[in-house]
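Q:
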Amino acid sequence: MSSTRMHHIELSGRDRVGIALGWASLVLLLAGLIWWAGESVLSRWNWLVLGAGAASAVAYLILRKGAVADTLPRLLQNLNTGAFILLLLAILGFVNYIAMRHYGQLDLTKQRLYSLSPQTKEVLKGLKGEVELTGFYQLAGRSASEGFRARDLMRQYHDASKQVKFEIIDPVADPARATAKAGGSVYSQQLWVESGGRKETVYTLGEQELTSAILKATRPQKKKVYFLFGHGERDIESSEQGGMGPARSGLEDFNYETSKLVLRTVKEIPKDAAVIVVAGPKNGIPDDDQEKLAKYLEAGGKMLLMADPLTPVPEKLVKPWGVEVGNNLVYDPRDPRGFAIVEKFEFHQMTKDLQVAYFPIARSVEAAATPPAGVTVEPLAKSSGVSWGETKLSGGATIQRDAADKNGPLGLAVVVTKGSASDTPEQTGEAKKSTRLVVVGDSDFATAPFISVMGTDGPLFFFNIINWLAEEEALVSIPPKTPENNQVFLGASQSRFILITTVFIIPIGVLLSGVLVWWRRR
Amino acid sequence: MKNALIIMQRELRSYFTSTIAYTVAAFFLVVCGYLFFATLKLTQEATIRYLLHNAAVTLLLISPAMTMRLIAEERRTGTIELLMTSPVTDAQVIIGKYLGSLGFYVAMLLLTLQYPLILLRVGAPDKGPMLTGYLGLLLLGAGFLAIGLVASSLTKNQIVAAVGAFAVMLLLWIVSWVGSGGATTFWSEVLRNLSMLDRFENFTKGVIDTRDVVFFLSLIGFCLFLSVRALSATKAR
């Protein structure tokens with residue numbers, strides 16, 4: 025009794041300040057930590073609160089040194105084990121919580137199978153609403169590995185953005201859940217992307233496909249690609265040789281709307297045109313039609329012009345932009361058919377992942393020596409050094425290198441920009457007003473059958489051009505990542521050897537060592 | 147630290163002179179060997195991903211047998227008195243015992259290196275996932291052993307220690323199943339984060355995630371702490 029009174033009497037002003045500071049530090053530190061936990065970043069004000077908490081704690085310890093030294097050992101002794109365990113759990117929980125928020129991943133697979141491309145990350149960063157991924161895959165049996173791949177891929181997207189939720193349903197193991205989700209029977213091996221009531225389905229598993237599907241499901245408006253029609257252009261309805269049907273359906277897979285454009289029926293290019301494609305007009309474009317297109321380009325239009333050899337060049341669309349289209353046929357003697365081969369594309373966002381492509385019947389397209397002011401003309405693709413530009417194009421003439429023929433490398437495609445020359449996605453607002461024109465000296469590469477040929481990058485080049493022109497840089501070729509083929513074909517003797525070693529020799533060896541040890545000890 | 151190392155040596159010696167340890171290792175190797183062979187035949191894929199899953203489940207079954215003795219045996223035979231009166235701290239005893247069991251486990255893992263070596267010979271497997279897979283197996287096993295150590299330090303009955311450890315491990319293994327029925331929700335996320343199976347998953351794919359490493363280290367640290375407290379509680383009595 026007397027000691028407590030004495031204690032009270034001993035409390036000086038200094039002690040009172042110390043006690044107040046102690047409480048203040050507790051409150052500040054707690055508030056600061058909760059604040060930090062609530063938001064993922066540590067703001068300046070948050071720092072300030074935590075700092076003030078820490079400072080008052082230090083001040084408390086200094087002011088109340090005696091009392092702390094008195095009570096601390098007793099306090100620690102009296103804390104029972106249970107409380108200690110709880111405290112440790114809480115600390116570990118907190119450590120793990122912080123670790124969850126600030127983590128790193130090291131992907132050691134050869135092809136970086138579990139790392140998303142920058143394009144996908146950009147798309148996910150821009151997500152406004154929730155995106156729900158539902159994979160219908162078998163997780164057992166022979167096709168289980170596809171299911172695991174689907175789950176891994178969805179988890180990566182989920183880890184990259186909180187907006188992405190995912191689940192995987194095995195329609196064979198859990199038909200009830202699959203039917204409930206799909207509202208009917210559903211096949212395996214498909215992935216649904218749902219957002220805001222829209223649904224896209226992915227059948228071929230891959231980052232490119234999934235990211236495109238997310239873009240489609242989250243972007244309300246489809247961009248429109250117009251194909252010029254009426255001057256002998258490639259037919260977008262046909263999938264026969266020379267038809268652009270496959271290219272068109274490819275664009276629709278990228279979420280574009282496609283349409284024919286007949287200039288005679290319109291006064292100007294439609295306002296909703298994202299890109300105009302002029303695909304090898306055989307008959308030449310009349311002057312008044314050229315005027316309309318030129319006006320569109322001047323006002324910040326986006327156009328892909330493919331000009332085939334032996335067809336009239338729409339001069340009003342190339343001359344003012346510093347592009348020179350040659351009257352020749354680019355011939356590569358190494359190809360039995362003489363097709364122009366591009367083995368190394370010039371560096372540009374559209375071409376950076378491309379390697380080899382054929383331009384079957386092509387003419388040269390090069391930048392003029394002095395481009396008009398404010399216009400940038402860059403090469404995209406060049407033919408090889410052994411090729412040449414054949415100028416004797418009349419029937420019957422043999423193809424051979426003459427003095428009049430220009431030697432390779434010859435330009436096959438150029439890109440023209442005016443206004444904001446930069447093509448970074450961040451500058452889309454500014455870039456809206458800038459002209460983008462790509463001129464290619466060939467249209468075969470974008471038509472059947474060449475557009476469907478695997479192993480060359482011609483098709484990718486076409487889609488990259490359209491995506492870039494439409495300012496959909498995020499869609500520009502995410503190189504596909506497929507797990508490497510790690511197939512092992514075991515011969516009968518190899519198979520026997522593995523069975524005998526792994527199941528018999530080594531385990532029995534271990535067992536025998538055990539027996540030996542036991543024998544010795546006995 | 148020196149005391150802990152001496153205890154570790156003692157523990158390792160007792161492992162390598164015990165027939166139970168050899169039997170356990172042989173059992174582990176037979177099961178893994180058969181599963182390795184069977185999946186290789188079936189999938190014809192040069193990967194140890196399937197094997198890692200199988201090995202992890204096998205480990206779940208046998209690791210209680212590796213740890214049940216650790217403290218319970220000392221308690222039963224009364225040698226724990228000797229340990230307590232000797233000039234070593236409880237923490238040194240626990241760490242030494244733990245490192246001993248870990249050493250035995252690593253020796254067992256070394257024998258499983260035959261599978262990757264075979265794959266390297268017959269095919270061209272991706273080496274990265276093999277490396278991360280083994281790191282994952284090491285952390286997972288270390289977690290199992292730590293849980294087993296807690297169970298062993300709480301009782302003098304080895305069977306109770308083994309069954310208790312197994313129950314906890316199994317729960318921690320499949321805890322995410324509760325949440326996996328529906329879509330990803332907050333609680334299914336929490337449970338997924340507690341599940342050793344899910345934590346192990348990344349390693350088998352070829353990815354080292356700091357979250358998984360922190361989880362396993364926390365689990366091990368927590369279990370070692372619990373074991374030390376359990377041992378101290380005995381002493382206080």
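Line order of the protein sequences matches chains A and B.
Under this note's numbering, the first residue of the first sequence is numbered 25, with each subsequent residue one higher.
Under this note's numbering, the first residue of the second sequence is numbered 147, with each subsequent residue one higher.
For every residue, glycine included, the Cβ atom is placed at its ideal position computed from N, Cα and C.
Please read all numbers here as calculations on a predicted model, not as lab measurements.
(1) Start and end of the alpha helix (DSSP H) containing Val252/B?
(2) Mapping DSSP to helix, strand and coil, what is Val196/A?
(3) For Ile300/A, collect the residues of the same chain with a Cβ closer than 6 Å to its Cβ; drop the 5 residues on either side in sequence, then sort them by chain order.
(4) Since Thr144/A is in the alpha helix (DSSP H), which residue starts that stretch and which ends it?
(5) Just reading off the alpha helix (DSSP H) that Glu347/B is part of, what are its end residues?
(6) Report yes or no: is there a C-beta of chain A within less than 8 Å of the C-beta of Ile293/B?
(7) What residues from chain B crowd round Leu535/A, counting only those whose CB sits closer than 8 Å?
(8) Taking contact to mean at least 3 C-beta pairs separated by less than 8 Å, is the region 250-269 of chain B in contact with the region 280-296 of chain B?
(9) So which residues of chain B does Gly128/A contact, with C-beta pairs closer than 7 Å?
(10) Could you tell me which residues DSSP puts in a beta bridge with Thr441/A?
(11) For the putative contact between Pro384/A and Asp466/A, defined by C-beta atoms under 8 Å, what is the C-beta separation to the nearest angstrom?
(12) Considering Cα atoms alone, identify which of Leu45/A, Leu484/A and Thr441/A is closest to Ala79/A.
(13) Would you kindly work out how many angstroms separate the C-alpha atoms of Ser408/A and Phe369/A, rounded to a whole number?
(14) As a quick exercise: from Thr471/A, Trp492/A and Val477/A, pick the residue whose alpha carbon is nearest that of Leu461/A.
(15) Please go through the region 202-278 of chain A and give each complete beta strand (DSSP E) segment of 3 or more residues, from N-terminal end onward.
(16) Pop quiz: Gly171/A and Tyr161/A are said to be a contact at Cβ under 8 Å. What is the actual Cβ separation, rounded to whole angstroms?
(17) For Val512/A versus Gly269/B, is the C-beta distance shorter than 8 Å?
(18) Say whether chain B places a C-beta atom closer than 8 Å to the C-beta of Thr228/A.
(19) Are there 16 or more other CB atoms within 10 angstroms of the CB of Tyr227/A, so buried, or fewer, so exposed?
(20) When you compare the CB positions of Thr356/B and Gly128/A, do they come within less than 8 Å of one another, or not?
(21) Using CA atoms only, rank isn't needed, just tell me which of Leu353/A, Ile475/A, Asn307/A and Tyr382/A is closest to Asp426/A.
(22) Taking only three categories from DSSP, how would you classify Lys295/A?
(23) Are any of the Cβ atoms in chain A nearer than 8 Å to that of Val176/B?
(24) What are the residues of the region 268-280 of chain B that lie near chain A, defined by any Cβ-Cβ distance shorter than 7 Å?
(25) Skipping 5 residues on each side, what residues in its chain have a beta carbon closer than 6 Å to that of Ala241/A?
(26) Ser519/A touches chain B at which residues, Cβ-Cβ below 9 Å?
(27) Who are Leu328/A's beta bridge partners in DSSP?
(28) Does DSSP put Phe383/A in a helix, in a strand, or in coil?
(29) In chain order, what residues of the same chain have a beta carbon less than 7 Å from the beta carbon of Thr330/B, not counting five sequence neighbours either side?
(30) Please classify Trp412/A: is it buried, with 16 or more other beta-carbons within 10 angstroms of its beta-carbon, or exposed?
(31) So what does DSSP say about Gly362/A, is it helix, strand or coil?
(32) Please confirm if the region 289-296 of chain A is in contact with the region 338-350 of chain A, defined as three or more CB-CB distances below 8 Å between the two stretches.
(33) So, for Val296/B: in the same chain, excluding its five sequence neighbours on each side, which residues have a beta-carbon less than 6 Å away from its beta-carbon?
(34) For a contact meaning CB atoms closer than 9 Å, what does Gly538/A contact in chain B?
(35) Step through the CB atoms of chain B and report whether any lies within less than 8 Å of the CB of Trp216/A.
(36) Counting only Cβ pairs nearer than 8 Å, list the residues of chain A close to Leu372/B.
A: Judging by the given coordinates:
(1) To locate residue 252/B, count along the second sequence from 1; it is residue 106. Start and end: Asp236 to Thr258.
(2) To locate residue 196/A, count along the first sequence from 1; it is residue 172. In the structure shown, Val196/A sits in coil (DSSP, three-state: anything other than H, G, I, E or B).
(3) Start at 1 with the first residue of the first sequence, and residue 300/A comes out as number 276. Within the same chain, Ile300/A has close Cβ partners Tyr250 and Met327.
(4) For this step, residue 144/A is matched to residue 120 along the first sequence. Run containing Thr144/A: Pro142 to Lys149, per the alpha helix (DSSP H) assignment.
(5) Locating residue 347/B in the second sequence gives position 201, counting from the first residue. Boundaries of the alpha helix (DSSP H) harbouring Glu347/B: Met342 to Lys351, taken from the DSSP string.
(6) Taking the second sequence and counting its residues from 1, the one referred to as residue 293/B is at position 147. It does not; no Cβ of chain A falls within 8 Å.
(7) As a position in the first sequence, residue 535/A is number 511, starting the count at 1. Simply Tyr168, Thr169 and Ala172.
(8) Judged by Cβ distances under 8 Å, the region 250-269 of chain B makes contact with the region 280-296 of chain B, as three or more pairs qualify.
(9) Within the first sequence, numbered from 1, the residue matching residue 128/A stands at position 104. At a beta-carbon threshold of 7 Å, the residues of chain B lying near Gly128/A are Thr356, ordered along the chain.
(10) Mapped onto the first sequence, residue 441/A falls at position 417. For Thr441/A, which the question treats as bridged, DSSP gives the partners Thr400/A and Arg460/A.
(11) Position 360 of the first sequence holds residue 384/A. Position 442 of the first sequence holds residue 466/A. Confirmed, Cβ separation roughly 7 Å.
(12) Position 55 of the first sequence, counting from 1, holds the residue named residue 79/A. With respect to the C-alpha of Ala79/A, the residue from Leu45/A, Leu484/A and Thr441/A having the closest C-alpha is Leu45/A.
(13) As a working mapping, residue 408/A is identified with position 384 in the first sequence. As a working mapping, residue 369/A is identified with position 345 in the first sequence. CA-CA distance, Ser408/A to Phe369/A, rounds to 11 Å.
(14) In the first sequence, counting from the first residue as 1, residue 461/A sits at position 437. Across the set Thr471/A, Trp492/A and Val477/A, the C-alpha of Trp492/A shows the shortest separation from the C-alpha of Leu461/A.
(15) Along the region 202-278 of chain A, the beta strand (DSSP E) occurs as fully enclosed runs of 3 or more residues at 214-219, 222-226 and 247-253, listed in sequence order.
(16) Taking the first residue of the first sequence as position 1, residue 171/A is located at position 147. Taking the first residue of the first sequence as position 1, residue 161/A is located at position 137. About 3 Å; that satisfies the 8 Å criterion.
(17) Against the first sequence, residue 512/A aligns to sequence position 488. Against the second sequence, residue 269/B aligns to sequence position 123. Their beta carbons are under 8 Å apart, which means Val512/A touches Gly269/B by this criterion.
(18) Reading the first sequence from its first residue, position 204 is the one you call residue 228/A. Chain B, which has no Cβ nearer than 8 Å to the Cβ of Thr228/A, makes this no.
(19) Within the first sequence, numbered from 1, the residue matching residue 227/A stands at position 203. That one is exposed.
(20) In the second sequence, residue 356/B corresponds to position 210, counting from 1. In the first sequence, residue 128/A corresponds to position 104, counting from 1. The criterion of a C-beta distance shorter than 8 Å is satisfied by Thr356/B and Gly128/A.
(21) Start at 1 with the first residue of the first sequence, and residue 426/A comes out as number 402. With distances taken between Cα atoms, Asp426/A lies closest to Leu353/A.
(22) As a working mapping, residue 295/A is identified with position 271 in the first sequence. Three-state result, Lys295/A: coil.
(23) Taking the second sequence and counting its residues from 1, one reaches residue 176/B at position 30. For Val176/B, the answer is yes, since a Cβ of chain A falls inside 8 Å of its Cβ.
(24) Listed by position, the residues of the region 268-280 of chain B near chain A (Cβ gap below 7 Å) are Val268, Gly269, Ala270, Pro271, Asp272, Gly274, Pro275, Leu277 and Thr278.
(25) Against the first sequence, residue 241/A aligns to sequence position 217. Counting only Cβ-Cβ distances below 6 Å, and skipping sequence neighbours, we find Val217, Ser219, Arg222 and Glu224.
(26) Working through the first sequence from its first residue, we reach residue 519/A at position 495. Below the 9 Å Cβ cutoff, chain B contributes Phe183, Leu186 and Lys187 as neighbours of Ser519/A, in chain order.
(27) The count along the first sequence starts at 1 and reaches residue 328/A at position 304. DSSP lists Val301/A and Val462/A as partners of Leu328/A.
(28) Position 359 of the first sequence, counted from the first residue, corresponds to residue 383/A. Strand, per DSSP.
(29) Your numbering for residue 330/B matches position 184 in the second sequence. Because Thr330/B sits at a pLDDT of 47, beneath the cut-off of 50, its placement in the model cannot be relied upon, and the point is left open.
(30) In the first sequence, counting from the first residue as 1, residue 412/A sits at position 388. Buried, by the Cβ-count rule.
(31) Walking along the first sequence from the start, residue 362/A turns up at place 338. Note: Gly362/A maps to coil in three-state DSSP.
(32) No, because fewer than three Cβ pairs between the region 289-296 of chain A and the region 338-350 of chain A fall closer than 8 Å, the two stretches do not touch.
(33) If you number the second sequence from 1, residue 296/B lands on position 150. In its chain, beyond the 5 residues on either side, Cys369, Leu372 and Ser373 have a beta carbon closer than 6 Å to the beta carbon of Val296/B.
(34) The sequence position of residue 538/A within the first sequence is 514, counting from 1. Correct list: Ser164, Thr165, Ile166, Ala167, Tyr168, Thr169, Ala171 and Ala172.
(35) In the first sequence, counting from the first residue as 1, residue 216/A sits at position 192. With 8 Å as the cut-off, Trp216/A does not count as an interface residue toward chain B.
(36) Translated into the one-based positions of the second sequence, residue 372/B becomes position 226. Within chain A, the residues near Leu372/B are Ile109.
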